[in-house]
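Below is one structure, written out as structure tokens, with a few remarks after it.
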Amino acid sequence: MALLIKGGRVIDPGRYEGEGDVLIEGSKIVSVGRTLPMPAGCELIDAHGLLVLPGFVDLHVHFREPGFEYKETIESGSAAAVAGGFTTVCCMPNTNPVNDNQAVTEFILERGRAAGLANVLPIGAITKRSEGKELAEIGDLKRSGCVAISDDGKPVMNSLVMRRAMEYALAFDLTVVDHCEDLNLAEGGCMNEGLVSTELGLPGIPAAAEDVMVARNLLLAELTGARIHLAHISTVGSVRMVREAKARGIRVTAEACPHHFTLTEETVRGYNTHAKMNPPLRTSEDVRAIKEGLRDGTIDAIATDHAPHATQEKQQDFTEAPFGIVGLETALPLTLSLVEEGVLSLEQAVIKLTAAPAAVFGLPKGTLAVGADADVTLVDPSAQWEVDPSLFRSKSRNTPFAGWKVKGRVQMTIVGGRVVYRLDQ
Amino acid sequence: MTEKREGGIARTNEKLIMDAGDIARVLTRIAHEIVERNKGVNLVALVGIRTGGVHLAHRLAKRIHAIEGVSVPIGELDITLYRDDLALRKNQPVLRKTSIPFDLAGKAVVLVDDVLFTGRTIRAAMDGLMDLGRPEEIQLAVLVDRGHRQLPIKANYVGKNLPTSREETVRVLLEEYGEEDRVVIIKPLS
Amino acid sequence: MGLKRKDLLSLASLSVDEIMLILDTADSFKEVTGREIKKVPALRGKTVVNLFFEPSTRTRTSFELAAKRLSADVINFSPSTSSVVKGETLLDTARNIEAMQADIIVLRHASAGAADTLARGVKSSVINAGDGWHEHPTQALLDLYTIRRRGLEFKGLRVAIVGDVAHSRVARSNLYALTKLGADVRLIGPPTMMPYGVERLGAKVYHDMDKGLEGAQVIMMLRLQLERQGRALFPTIREYARLYGLTAERVRLAEPGAIVMHPGPINRGVEIAPDVADSLSSVILDQVANGVAVRMGVLYLMSASG
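Protein chains in written order, with the numbering used here: chain A, 1 to 425; chain B, 1001 to 1190; chain C, 2001 to 2306.
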């Protein structure tokens, strides 16, 4: 079975940029070039006017299975992923039970394969049940297929435990991912601490709650030499500290979420629970810092923190409603708007969604190199469309972007040489 | 309900029914009738229905004083909270004050209003009055009775009986509003 | 002219004209509450539901009395916390109540924004009777009404609000309304009790109570939530009372004739000395009495069929 993607604008960062064809045989890329001959029996995909990109890699999704299948399953999450152009997704371990052992890891991998859509890769827990006390069997998690470790959703508050986790992970060359939030400082907050929280009378989470933990993690990374990745950074301070740490050679990478470079705390007005996420939406200065961090490379990757919640959960009053929004099906146009704004070049934007996140966890993904897995995303960069959550593949519809008119749409997604998504299908 | 005053702009389709002299003469007559009917005014009190009735009550009190040399007590009644259409309205009417600075018990209360129409305002006024005390008797004085009653209510003192059609508007304009005293009938704009 | 809105959720969202309309309307009801028969038929046939997720005997009683004096049918509904735990959302509860054909729902809830959430979900009118730290509009309205009845003008009025502003819905509602009306609002309390950036909402912040009280015409004391001790907002009640308690000596720092207000219930000897609470300058009991008239006014204005 062969596929020839013909006549598109191919962007394989660092390798190929320009009009060209991509030939796939079986599950691999076999050739990329200006004009490739069409082998016999090959299926032709006309890509004129489209961008031909490596499949996107999302370092941060919550697929809720096992345990919260009413919010999302690995199958529905995978469908949402490929509809958004993501061919590889990394699942955070805050399921029920928590992915702190081989059985859960294998279950997730198996479900991912059964869904047959995206590459579903598990992230294991740092500590047992993500309680922040005792280390999980990190060696076992790595051996059974976890690509990183994290207690995401819950920060590892105890600095000694975090130090030990970093040291221990070194033995397996695993990246330690932390959700940076000092829970004492956050003290039950549910939005950014600022003028809006003052006006609305909502308990705030100060930027310092994130910054304190970013600083700690950077110091511990320096102490241990471990490779750390900071999830969804959202503040001026985080960006500044990561920039300095990178300059000093600390092995740190960072991701930012589309909502954190698109929206501010103002979105919360009216007690909009679709504007409730953790870290919270911050100020316009923070948004500027995140964009600058993306531009200058301080922030390596764009990740969605895709966090599905059922409608009735988000219909609760603001303080009761859970944190998080779905992101897989809106990430591409929001990222491309950074290109429109002149924050990123198109190639940089592609890197933030592909090669850079792959490099963070050392995954052989996010590339159209010959011999690589044939994960390809075809994008119509000029397609204008309106975000309609009722059409989402995800089981959940919790997005603040409903009704937004956006530009740039995934036309087709290919995973391992198989077309797994076509627009209007 | 009472006719609402809407600014003082003269309209081409309005017809003069009573002028200042007519109003003055009619009020003098009603004052005499009140005195006569009540055999003096020892137990009489006047209660004007906001807003027009209040001004007329004060004018009547002056005339009664001239006749009898007695100042009758005057009260002011806002009937809004007793209206029968509150539950149906899109916007609640602005409330004004009720002030009855005397004891109603044993009094012959003369309710005073400018125009008697459906009778609903008077029903509301009587209910309001009864909540404020127990008068011996309630009488009704109006400057104009334009007919079209929807309740079995009849005035004891009428300035002028005025046949109207339902679509017409009767307006009582008074000096207290900065107008020249007059009563006009306004035909609907066709 | 009426109050052209379905709900009363906050004073931040009201115009000066709307606030004045409510105060004027309350004046008419003040007269009604002074009558022998303190009842009028204005809300006959209407149903008012007091939906209180947080216990508050005072506010609930005040609304109940106000509704009854307007001849409305009143239902008091205090959902047990257990039904909330069972997964019934605020909206579920409210829709059940709406199905009983409630015309007005009076909501008290521990979460900021609960009234907004409710108002979006039901057709009934919603009156916010306190939501978290956000607003308590009828309390501030009765405070304004009490100030006005004392013959004080809002424009340029020097008002000192003293205490835990950060966690006070009463302070927020008063701050929004008073600044709109042109008053000079000072907030007095330790930095731990001042919300982020509050001076940008038009108030002046003082950490020294004696300085903040200078020339004040109205002193509005907030209730100290004693259970907050131990959450690092203040070290001890003793020290708080010494620094921010209102004593007779401190009242003398304010303008002669200044009035002392408190939303109640008061912690005698903590935020307010007993002799001050009972002094002539205290209008605390007037506030309670005026509360019924103000709430009658609000219920009357909200009872339009919309």
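We put the beta carbon where it would ideally sit given N, CA and C, even for glycine. Quick caveat: nothing in here was measured; it's all calculated off a predicted structure.
Task: When W404(A), L423(A) and K405(A) are compared against T413(A), the one with the closest alpha-carbon - done: What you label residue 413(A) is simply residue 413 of the first sequence in a count that begins at 1. Nearest in C-alpha terms to T413(A), of all of W404(A), L423(A) and K405(A), is L423(A).
TODO: Could you say which of P2041(C), A2119(C) and A2094(C) lies nearest to L2009(C) if we only look at CA atoms?
DONE: Reading the third sequence from its first residue, position 9 is the one you call residue 2009(C). Measuring from the Cα of L2009(C), the nearest candidate turns out to be A2119(C).
Task: Reduced DSSP secondary structure (H/G/I, E/B, other) of E72(A) - done: For this step, residue 72(A) is matched to residue 72 along the first sequence. For E72(A), the secondary structure class from DSSP, reduced to helix, strand or coil, is coil.
Task: Opposing strand residues paired with Y421(A) [DSSP bridges] - done: The count along the first sequence starts at 1 and reaches residue 421(A) at position 421. According to DSSP, Y421(A) bridges with T413(A).
Task: Beta-carbon separation (whole angstroms), V1184(B) vs R1171(B), contact threshold 8 Å - done: Numbered from 1 along the second sequence, position 184 holds the residue referred to as residue 1184(B). Numbered from 1 along the second sequence, position 171 holds the residue referred to as residue 1171(B). The Cβ separation is near 5 Å, so the contact holds.
Task: Neighbour flag for L1104(B) against chain C, beta carbons, 8 Å - done: The sequence position of residue 1104(B) within the second sequence is 104, counting from 1. So, not an interface residue.
TODO: Could you say which of I29(A), E265(A), A289(A) and E285(A) lies nearest to N278(A) if we only look at CA atoms?
DONE: For the purposes of this step, residue 278(A) is taken as residue 278 along the first sequence, with counting starting at 1. For the residues I29(A), E265(A), A289(A) and E285(A), the minimum Cα distance to N278(A) belongs to E265(A).
Open item on the list: With a threshold of 8 Å between beta-carbons, can T2117(C) be considered close to chain E, or not?
Closed with: Included in the structure are the protein chains A, B and C, with no chain E among them.
- [ ] Report the three-state DSSP secondary structure of V2294(C) (helix, strand or coil).
- [x] Residue 2294(C) sits at position 294 when you count from the first residue of the third sequence. Look at V2294(C) here: in three-state DSSP terms it is helix.
TODO: Using three-state DSSP, classify M2194(C) as helix, strand or coil.
DONE: Translated into positions along the third sequence, residue 2194(C) becomes position 194. Looking at M2194(C) - three-state DSSP - the assignment turns out to be coil, as it is neither helix nor strand.
Open item on the list: Taking the straight line between their C-alpha atoms, what separation do you get for L220(A) and V212(A)?
Closed with: Residue mapping note: residue 220(A) aligns to position 220 of the first sequence, counting from 1. Residue mapping note: residue 212(A) aligns to position 212 of the first sequence, counting from 1. Cα to Cα, L220(A) sits roughly 12 Å from V212(A).
Task: Backbone secondary structure at M277(A) - three-state DSSP - done: Locating residue 277(A) in the first sequence gives position 277, where the first residue counts as 1. If DSSP states are grouped into helix, strand and coil, M277(A) belongs with coil.
- [ ] Could you list the residues in the segment 320 to 342 of chain A with a C-beta less than 7 Å from some C-beta on chain C, going in chain order?
- [x] So the list reads E320, given in the order they occur along the chain.
Task: Paired residues, beta bridge with M2158(C) - DSSP - done: Reading the third sequence from its first residue, position 158 is the one you call residue 2158(C). Reading off the sequence shown, one finds Arg at residue 2158(C), where the question assumed Met. R2158(C) pairs with D2184(C).
Open item on the list: Any contact between the segment 322 to 335 of chain A and the segment 300 to 309 of chain A? By contact I mean 3 or more CB pairs, one from each, below 8 Å.
Closed with: Touching, per the Cβ criterion.
- [ ] Give the straight-line distance between the Cα atoms of G18(A) and D375(A), rounded to the nearest whole angstrom.
- [x] As a first step, residue 18(A) must be located in the first sequence, where it is residue number 18. As a first step, residue 375(A) must be located in the first sequence, where it is residue number 375. For G18(A) and D375(A), the distance between alpha carbons rounds to 19 Å.
Open item on the list: Within 8 Å of any Cβ in chain A, is that where the Cβ of G2163(C) sits?
Closed with: Taking the third sequence and counting its residues from 1, the one referred to as residue 2163(C) is at position 163. Judged by the 8 Å Cβ criterion, G2163(C) is not in contact with chain A.
Open item on the list: Under 8 Å, Cβ to Cβ, is there at least one residue of chain C near T1051(B)?
Closed with: What you label residue 1051(B) is simply residue 51 of the second sequence in a count that begins at 1. So no, T1051(B) is outside the interface.
Task: Closest Cα partner of V420(A) within the set Y168(A), R409(A) and V82(A) - done: Locating residue 420(A) in the first sequence gives position 420, where the first residue counts as 1. In this structure, V82(A) is the residue among Y168(A), R409(A) and V82(A) with its C-alpha nearest to the C-alpha of V420(A).
Open item on the list: Checking the sheet assignment: what are the DSSP bridge partners for K1062(B)?
Closed with: Locating residue 1062(B) in the second sequence gives position 62, counting from the first residue. Per DSSP, none; premise fails for K1062(B).
Open item on the list: On a Cα-Cα basis, can you pick out the residue from E2098(C), Y2145(C), G2182(C) and N2174(C) that is closest to F2154(C)?
Closed with: As a first step, residue 2154(C) is located in the third sequence; it is residue number 154 there, counting from the start. The residue with the shortest Cα to Cα distance from F2154(C) is G2182(C).
Task: Residue nearest to R2242(C) in terms of C-alpha spacing, selected from L2233(C), V2260(C) and E2271(C) - done: Position 242 of the third sequence, counted from the first residue, corresponds to residue 2242(C). Comparing Cα positions, the closest option is E2271(C).
TODO: Specify the secondary structure class of Q2217(C) as computed by DSSP and reduced to three states.
DONE: Sequence index remark: in the third sequence, residue 2217(C) carries index 217 (1-based). DSSP places Q2217(C) in coil when its eight states are reduced to three.
Task: Residue environment, M1(A), which counts as buried when at least 16 other CB atoms sit within 10 Å - done: Here residue 1(A) is taken as the residue at index 1 of the first sequence, counted from 1. The C-beta of M1(A) has fewer than 16 other C-beta atoms within 10 Å across all chains shown, which makes the residue exposed.
TODO: Answer with buried or exposed for V2016(C), where buried requires no fewer than 16 other C-beta atoms within 10 angstroms of its C-beta.
DONE: Residue 2016(C) sits at position 16 when you count from the first residue of the third sequence. Answer is exposed; the Cβ neighbour count stays below 16.
Open item on the list: If the criterion is Cβ atoms closer than 8 Å, does the pair R111(A) and S159(A) meet it?
Closed with: Counting from one through the first sequence, the residue named residue 111(A) turns up at place 111. Counting from one through the first sequence, the residue named residue 159(A) turns up at place 159. The beta carbons of R111(A) and S159(A) sit no closer together than 8 Å.
TODO: Could you tell me if S2082(C) is buried or exposed, where buried requires 16 or more neighbouring beta carbons within 10 angstroms of its beta carbon?
DONE: Reading the third sequence from its first residue, position 82 is the one you call residue 2082(C). Legend: pLDDT at S2082(C) = 48, less than 50; position of this residue unreliable, value from coordinates given subsequently. With fewer than 16 other Cβ atoms within 10 Å, it is exposed.
Open item on the list: With H, G and I counted as helix, E and B as strand and the rest as coil, what does DSSP make of L2226(C)?
Closed with: Looking up residue 2226(C) in the third sequence gives position 226. L2226(C): helix per DSSP, three-state reduction.
TODO: Taking C-beta pairs closer than 8 Å, name the residues in chain B that G2151(C) reaches, listed in chain order.
DONE: Here residue 2151(C) refers to the residue found at position 151 of the third sequence. Listed by position along chain B, the residues whose Cβ is nearer than 8 Å to that of G2151(C) form an empty set, because the closest Cβ is around 17 Å away.
Open item on the list: If the cut-off is 9 Å on Cβ atoms, which residues from the segment 2025 to 2049 of chain C count as contacting chain A, listed in chain order?
Closed with: Those residues of the segment 2025 to 2049 of chain C that come within reach of chain A (Cβ to Cβ, closer than 9 Å) do not exist; the list is empty.
Open item on the list: Using the three-state DSSP reduction, which class does L1143(B) fall into: helix, strand or coil?
Closed with: Numbered from 1 along the second sequence, position 143 holds the residue referred to as residue 1143(B). The answer is strand: DSSP assigns L1143(B) an E or B state.
TODO: Please decide whether L2003(C) counts as near chain A, where near means a Cβ-Cβ distance under 8 Å.
DONE: Mapped onto the third sequence, residue 2003(C) falls at position 3. Residue contact check for L2003(C) against chain A: no CB pair falls below 8 Å.
TODO: With distances taken Cα to Cα, identify the nearest neighbour of D2143(C) among Q2287(C), R2295(C), A2304(C) and A2110(C).
DONE: Position 143 of the third sequence, counting from 1, holds the residue named residue 2143(C). Comparing Cα positions, the closest option is Q2287(C).
- [ ] Give me the Cα-Cα distance between S394(A) and S284(A), rounded to the nearest whole angstrom.
- [x] If you number the first sequence from 1, residue 394(A) lands on position 394. If you number the first sequence from 1, residue 284(A) lands on position 284. Approximately 29 Å between the Cα atoms of the pair.
Task: Endpoints, the beta strand (DSSP E) within which R1182(B) is located - done: By 1-based counting over the second sequence, the position of residue 1182(B) is 182. Run containing R1182(B): R1182 to I1186, per the beta strand (DSSP E) assignment.
Open item on the list: Beta-carbon within less than 7 Å of E1006(B)'s beta-carbon, same chain only, minus the 5 sequence neighbours each way: which residues are those?
Closed with: Numbered from its first residue, the second sequence carries residue 1006(B) at position 6. The predicted position of E1006(B) is uncertain, since its pLDDT is 49 and thus under 50; a value taken from the coordinates is nonetheless stated next. Hits under 7 Å: none found.
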